[in-house]
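Let me begin by presenting the structure, written as structure tokens, before commenting on it.
There are 2 protein chains.
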Amino acid sequence: MPSLERVKYRPVAVRELFLEMKNLSELMIDLAYSAALFNDKELAEDVLELENRVDTLGYLLEMTVMIAARDAHDAEILTGVSTAAAAADKISDAAADIAAIVTQDIGVHPIVTEVFEKVEERVMQAKVNPDSPVAERQVNQLDLAARMGVDIIAIRRGPDWIINPRETECIRSGDVLITRGGQSSTKEFKELVEGKRRKQET
Amino acid sequence: MPSLERVKYRPVAVRELFLEMKNLSELMIDLAYSAALFNDKELAEDVLELENRVDTLGYLLEMTVMIAARDAHDAEILTGVSTAAAAADKISDAAADIAAIVTQDIGVHPIVTEVFEKVEERVMQAKVNPDSPVAERQVNQLDLAARMGVDIIAIRRGPDWIINPRETECIRSGDVLITRGGQSSTKEFKELVEGKRRKQET
Chain A
1 MPSLERVKYR PVAVRELFLE MKNLSELMID LAYSAALFND KELAEDVLEL
51 ENRVDTLGYL LEMTVMIAAR DAHDAEILTG VSTAAAAADK ISDAAADIAA
101 IVTQDIGVHP IVTEVFEKVE ERVMQAKVNP DSPVAERQVN QLDLAARMGV
151 DIIAIRRGPD WIINPRETEC IRSGDVLITR GGQSSTKEFK ELVEGKRRKQ
201 ET
Chain B
1001 MPSLERVKYR PVAVRELFLE MKNLSELMID LAYSAALFND KELAEDVLEL
1051 ENRVDTLGYL LEMTVMIAAR DAHDAEILTG VSTAAAAADK ISDAAADIAA
1101 IVTQDIGVHP IVTEVFEKVE ERVMQAKVNP DSPVAERQVN QLDLAARMGV
1151 DIIAIRRGPD WIINPRETEC IRSGDVLITR GGQSSTKEFK ELVEGKRRKQ
1201 ET
């Protein structure tokens, strides 16, 4: 459990805050389902970490909206943003509840597994080994979607999360890649990322 | 607002209850985003109706789980199902919050619209006219995905919702179809469904 710091106001555009909350909450649902399906504690812990982040973004957004609203008219208009942001926060809470089934060893019930299994694609995380053929290359150079049917949906770089990385984003040694794709290609890609396999099969 | 009836226990498999809760909650997020993006009150009202349904399913699931648990061991195992179901319920609540921005005329803030716009596909609903070329035909006979790039994600038939309809499901006059697809093909399909256009363009 990370120590919780007091959230201090800093000026960030509401657009940026809300966009990140929405993207993170959607990513978290995917991560949480996969964590529950494969009893993957690492993924589950990512979800719990991201939930803290969404909470922080939510507080910042609320503060920003409050400061922006000068009168009743402003307040009425801005309610539409804070309501939508609160919904993203609720979605992230739901994802965290699912992840807690894994981290607290409550045990994922076979019924839940069966229902989550309908998601055909698998979400995986792997840490980029310095020797990996993907290290220091741009996402588009890997041509992952076409060659392997794998998508990089997020990159965890130290304390930062890059959601839906751009095609020109450079993958660095030490990055943790979160991918989505078919089960066999996902396995192959994990081996590439971790430096246990040298070449992409074409 | 539909009148709320007391939820009475009836024996339904937990698997069925949870599967429907998960499917509905995911559909609701899509519907709610589209309702907010296009200020579509009909879609928003569908979301609010489905939220009641998910609540009812949640109560039934809780009752079923309680009856199934005979001892501490059972209770420990079954917590994994009720926690996951509670998460699906939370997701559906979040969708309803977004829909309420539309139904209560709070007004969708431009920032929210901008962020939701990143979803390229549009969700649409249309009622099947008796004269429509899609009436009384099976989903697979329309060959929608290949010919128009449109997917039927749900059918509302009177009080019933058919989520992810099977390929052999027969579309009846009076059904309300919920589809997802590109904007121009969605418009064309809506005209077909409502009997304002006679033939699919190929």
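If you read the protein sequences in the order shown, they are chains A and B.
Per my numbering: the first sequence = residues 1 to 202.
Per my numbering: the second sequence = residues 1001 to 1202.
The C-beta atom is built at its ideal place from N, Cα and C for all residues, glycine as well.
List the residues of chain B whose Cβ lies closer than 7 angstroms to the Cβ of residue i, in chain order.
i               : result
V47 of chain A  : Going along chain B, no residue has its Cβ under 7 angstroms from V47 of chain A, so there is no contact; the nearest lies around 11 angstroms.
H73 of chain A  : By Cβ distance, chain B contributes nothing, its closest Cβ being about 11 angstroms from H73 of chain A, past 7 angstroms.
V108 of chain A : G1080
Reducing DSSP to helix, strand and coil, say where residue i ends up.
i                : result
D1143 of chain B : coil
T1186 of chain B : helix
V12 of chain A   : coil
V1176 of chain B : strand
V150 of chain A  : strand
D1046 of chain B : helix
D40 of chain A   : coil
T202 of chain A  : With a pLDDT of 48 at T202 of chain A, under the threshold of 50, the predicted position of this residue should be treated as unreliable, and no value is reported.
Taking the Cβ atom as the reference point for each residue, do residue i and residue j lie within a distance shorter than 9 angstroms?
i                : j                : result
A1032 of chain B : L1043 of chain B : yes
G1058 of chain B : V112 of chain A  : no
N1164 of chain B : I1171 of chain B : no
A85 of chain A   : E117 of chain A  : no
A146 of chain A  : L177 of chain A  : no
A88 of chain A   : M21 of chain A   : yes
R1122 of chain B : G1181 of chain B : yes
T83 of chain A   : I1101 of chain B : yes
I77 of chain A   : E1076 of chain B : no
Would a check of beta-carbon distances place residue i closer than 9 angstroms to chain A?
i                : result
L1024 of chain B : no
T1202 of chain B : The predicted model places T1202 of chain B with a pLDDT of 47, which falls under 50 and marks its position as unreliable, so this point remains unresolved.
A1126 of chain B : no
D1093 of chain B : yes
D1097 of chain B : yes
I1101 of chain B : yes
A1087 of chain B : yes
I1029 of chain B : yes
A1146 of chain B : no
A1032 of chain B : yes
Interface residues of chain B around residue i at Cβ under 8 angstroms?
i               : result
V112 of chain A : F1018, G1080, V1081, A1084
Is the shortest distance between the beta-carbon of residue i and the beta-carbons of chain B less than 9 angstroms?
i               : result
L37 of chain A  : no
E76 of chain A  : yes
K41 of chain A  : no
V54 of chain A  : no
I163 of chain A : no
K90 of chain A  : yes
A44 of chain A  : no
A154 of chain A : no
M1 of chain A   : With a pLDDT of 48 at M1 of chain A, under the threshold of 50, the predicted position of this residue should be treated as unreliable, though the coordinate-derived value follows. Answer no: the Cβ-Cβ gap between M1 of chain A and chain B never drops below 9 angstroms.
What does residue i touch in chain A if you count any residue whose Cβ is under 8 angstroms from its own?
i                : result
R1015 of chain B : I111, E114, V115
#### Entry: Every unbroken alpha helix (DSSP H) inside the stretch 54-139 of chain A [4 residues or more]
Segments of the alpha helix (DSSP H) lying fully in the stretch 54-139 of chain A: 72-103, 110-116.
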